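Visitor:
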Amino acid sequence: MIEPHGPLPPEVYWRRRILAGVIALGVVAVIIGLIVWTTTGDESKSNGAKGSTSASASASKPPARTTEPADESIDERVTGGGTGGGGGAAAGETVRSRESGTARPSGSTTSAPGPVPASGLCPDENISVVLYTDKPTYTVGSQPVFTIVVTNAGLSECTRDVGKSAQDVVVRTLDGTRTLWTARDCSPVKTPDNRVLKPAQQVRDTITWSGTTSNPGCNKPRVPVPAGQYQAIGKIGQKESSPITFNMVNPASN
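Following the numbering used here, the numbering of the sequence shown begins with 648 at its first residue and continues without gaps.
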């Protein structure tokens, strides 16, 4: 190392050299710090630019297509069955809203139900049918008269066809195994007679039997039934009465 020379003591020159060295080291440290800071700043800017580019790319992508069918924007009409007419919703139809996902009643396009009749049809279980004869015994060749009585056994009034087209009387052998005659076989009357029956109201009608046999279509010879005991039932539609019995006897000989 070069020894300091000069008018001042050597310690002064050593101190100056040390100070200059410290200053030089400080300058070098500052320069290195500036270089490091600059490099770090450039990397941060680069990362920021990359993030902005990714965000821009994401924003520029079109929205993903949904898998919902195109016609879901229209309310889905749910009907109880069958096809409706002319674009109007059928009675009882509901409309399922796409927004709420719940069923709501359809609007003014739903037809209002027609007025309910004041009295509905009388079911078989609400009527009773009773058959009886005008006398218990007839002579062969005479014409027994049957009376059929229909009663509304329900608690409310109702409508029932009680005309000749709905009436029937069936005559069978006493054991009920063979049918000899029915009122419908040869009856030309087919007109209904609908009656409104109040509770416990009765309708009576008579059917006269010729005392001969018959067959469906009335296309076979009809012969008088012989003397004996017979069974008969009355019917209104499919509703039957309890069976009754009567006798046919030969005329008294003179």
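The beta carbon of each residue, even a glycine, is placed where N, CA and C say it ideally should be. Nothing here was measured: the structure is a model prediction, and the numbers come from that model.
1) Leaving out the 5 sequence neighbours to the left and right, which residues in its chain are closer than 7 Å to A667 when beta-carbon positions are compared?
2) Rank S857, A879, G875 and Q849 by C-alpha distance to the C-alpha of R869 and give the top, closest one.
3) For E887 and V776, what's the separation of their Cα atoms in angstroms?
4) In angstroms with no decimal places, state the Cα-to-Cα distance between Y785 and Y779.
5) Can you tell me where the beta strand (DSSP E) with L879 in it begins and where it stops?
6) Rounded to the nearest angstrom, how far is the Cβ of K811 from that of V836, given a contact under 8 Å?
7) For R664, I'd like the list of residues in its chain whose CB is within less than 6 Å of its CB, leaving aside the five on either flank, ordered along the chain.
8) For Q790, which residues of its own chain have a beta-carbon under 8 Å away from its beta-carbon, when the five flanking residues on both sides are left out?
9) Name the DSSP bridge partner or partners of D808?
10) May I ask you to report which of helix, strand or coil DSSP gives T686?
11) Out of D771, V816 and C805, point me to the one whose CA is closest to V792's CA.
12) On the criterion of 16 or more Cβ atoms from any shown chain inside 10 Å, does L827 qualify as buried, or is it exposed?
13) Counting only the same chain and skipping the five closest in sequence on each side, list residues whose C-beta sits under 7 Å from that of E772.
14) Do V818 and A879 have their CB atoms nearer than 7 Å?
15) Which residues bound the beta strand (DSSP E) around Q856?
16) Given V809, which residues of its chain have a CB within under 6 Å of its CB, disregarding the five upstream and five downstream residues?
17) Can you look up V787 in the DSSP assignment and give me helix, strand or coil?
18) Taking the beta carbon of I679 as the centre, do at least 16 other beta carbons fall within 10 Å, making it buried, or is it exposed?
19) Less than 7 Å between the beta carbons of C865 and D832, yes or no?
20) Using C-beta distances below 7 Å, list every residue in its chain close to T860, excluding the 5 sequence neighbours before and after it, in chain order.
21) Cutting at 8 Å between CB atoms, please list the residues of its own chain near S823, excluding the five before and the five after it.
22) Can you tell me whether N773 is helix, strand or coil according to DSSP?
23) Can you grab the Cα-Cα spacing for the pair G788 / G767, in whole Å?
24) What do you get for G881, buried or exposed, if any count of 16 or more other CB atoms within 10 angstroms of its CB means buried?
25) Tell whether a beta-carbon distance below 7 Å holds between P783 and F893.
Guide: In short, the structure shows the following:
1) none
2) S857
3) 6 Å
4) 14 Å
5) Before going further, note that residue 879 is Ala rather than Leu in the sequence given. From DSSP, the beta strand (DSSP E) with A879 extends over G875 to I883.
6) Contact between K811 and V836 holds: CB atoms are separated by about 4 Å, below the 8 Å threshold.
7) Around R664, the same chain offers no residue with a beta carbon nearer than 6 Å, after the five sequence neighbours per side are excluded.
8) T855, W856, S857 and G858
9) N841
10) helix
11) V816
12) By the beta-carbon neighbour count (other beta carbons within 10 angstroms, threshold 16), L827 is buried.
13) none
14) yes
15) Rather than Gln, the amino acid found at residue 856 in this sequence is Trp. Looking at the DSSP string, W856 is not in any beta strand (DSSP E), and its letter there is neither H nor E.
16) V797, D840, R842 and V850
17) V787 falls in the coil class under three-state DSSP.
18) exposed
19) yes
20) L827, W828, R869, V870 and V872
21) Going by the sequence as given, residue 823 is Gly instead of Ser. Around G823: Q878 and P890.
22) helix
23) 43 Å
24) Flag for G881 reads buried.
25) The Cβ atoms of P783 and F893 lie closer than 7 Å to each other.
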